[in-house]
Ligand code: DC
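Residue numbers (this note's numbering): 130 to 353.
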């Protein structure tokens, strides 16, 4: 496999990007870079400081003095915010419902994108997010736009939450997902959008291993 090869996986919330990206990275021995986790970590930091999330400058300043580290361990990736393990905390409801707003600010995105490009610089990385193929790595060798119906995405989140013993309301989840889609795709700067040269995969009726297999096939094709 090409030493510099990078794989970009974009798509709306709940399409299965992170699970698929992890599996692809594992099978190819690539580095998995969860860019959403970086925006989530900043959101958590801002919430803790009680900052005004509408204010892009304040958030950009906060990011400037915040370290966010994705630490790869045997059992997965841990997210460190100023060296504190926040892997679980960044999945809380409060973070999820505010992360689209935090990530909509241009200053925040410019700094995050710079960090993400550095992480992917050496190649052999799988990045998942919203703007990887269109903006972060426009020259990525493999670009995938992963979708699934809102209904199916809400169903997956519902099951995930139930498995974790969290209470879940299906209709509410559906509404939250639709709202996040709307915010992520209509923001002014680097919105969620399929890159012209991305391959669209609809995962509504595919299993995670099936999607991962399709992406690995693409990577092998591109490596030829
Ligand atoms: O993939 P996720 O649900 O953890 O992402 C959280 C939020 O971060 C998502 O609502 C949009 C934002 N995001 C983004 O704007 N750009 C990225 N590359 C990744 C995530």
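Where is the CB? At the ideal position from N, CA and C, for every residue including glycine.
Suppose contacts are defined by Cβ-Cβ distances below 8 Å. Is residue i in contact with residue j by that definition?
{"i": "residue 277", "j": "residue 331", "result": "yes"}
{"i": "residue 383", "j": "residue 136", "result": "Shown here, the chain extends from 130 to 353; a query on residue 383 therefore has no answer."}
{"i": "residue 309", "j": "residue 142", "result": "yes"}
{"i": "residue 215", "j": "residue 171", "result": "no"}
{"i": "residue 235", "j": "residue 185", "result": "yes"}
{"i": "residue 231", "j": "residue 246", "result": "no"}
{"i": "residue 297", "j": "residue 291", "result": "yes"}
{"i": "residue 105", "j": "residue 302", "result": "Nothing can be reported for residue 105, as the shown portion of the chain is limited to 130 through 353."}
{"i": "residue 139", "j": "residue 321", "result": "yes"}
{"i": "residue 256", "j": "residue 224", "result": "no"}
Taking the C-alpha atoms as reference points, what is the distance between residue i and residue j?
{"i": "residue 240", "j": "residue 212", "result": "19 Å"}
{"i": "residue 199", "j": "residue 300", "result": "33 Å"}
{"i": "residue 202", "j": "residue 346", "result": "26 Å"}
{"i": "residue 147", "j": "residue 338", "result": "13 Å"}
{"i": "residue 333", "j": "residue 222", "result": "24 Å"}
{"i": "residue 340", "j": "residue 323", "result": "17 Å"}
{"i": "residue 233", "j": "residue 248", "result": "21 Å"}
{"i": "residue 244", "j": "residue 167", "result": "10 Å"}
Quick test of your reading: residue i and residue j, contact by CB under 8 Å. State the CB separation rounded to the nearest angstrom.
{"i": "residue 197", "j": "residue 180", "result": "The Cβ separation is near 16 Å, so there is no contact."}
{"i": "residue 284", "j": "residue 306", "result": "Between residue 306 and residue 284 the Cβ distance is about 10 Å, and since that is not below 8 Å, they are no contact."}
{"i": "residue 335", "j": "residue 144", "result": "About 11 Å; that fails the 8 Å criterion."}
{"i": "residue 263", "j": "residue 348", "result": "Incorrect: roughly 19 Å between the Cβ atoms, too far for contact."}
{"i": "residue 160", "j": "residue 254", "result": "4 Å"}
{"i": "residue 191", "j": "residue 178", "result": "7 Å"}
Relative to the alpha-carbon of residue i, which residue among the options has its alpha-carbon at the smallest distance?
{"i": "residue 149", "options": "258, 191, 266, 244", "result": "258"}
{"i": "residue 158", "options": "294, 285, 134, 185", "result": "134"}
{"i": "residue 242", "options": "275, 164, 183, 139", "result": "164"}
{"i": "residue 207", "options": "169, 348, 280", "result": "169"}
{"i": "residue 293", "options": "220, 260, 194, 151", "result": "220"}
{"i": "residue 183", "options": "228, 248, 156", "result": "228"}
Here's the rule I'm using: 16 or more other beta-carbon atoms within 10 Å means buried, otherwise exposed. How should residue i be labelled?
{"i": "residue 272", "result": "buried"}
{"i": "residue 226", "result": "exposed"}
{"i": "residue 352", "result": "exposed"}
{"i": "residue 295", "result": "exposed"}
{"i": "residue 260", "result": "buried"}
Are the C-beta of residue i and some C-beta of chain B separated by less than 8 Å?
{"i": "residue 273", "result": "Checking the listed chains, one finds no chain B in this structure; it contains a single protein chain."}
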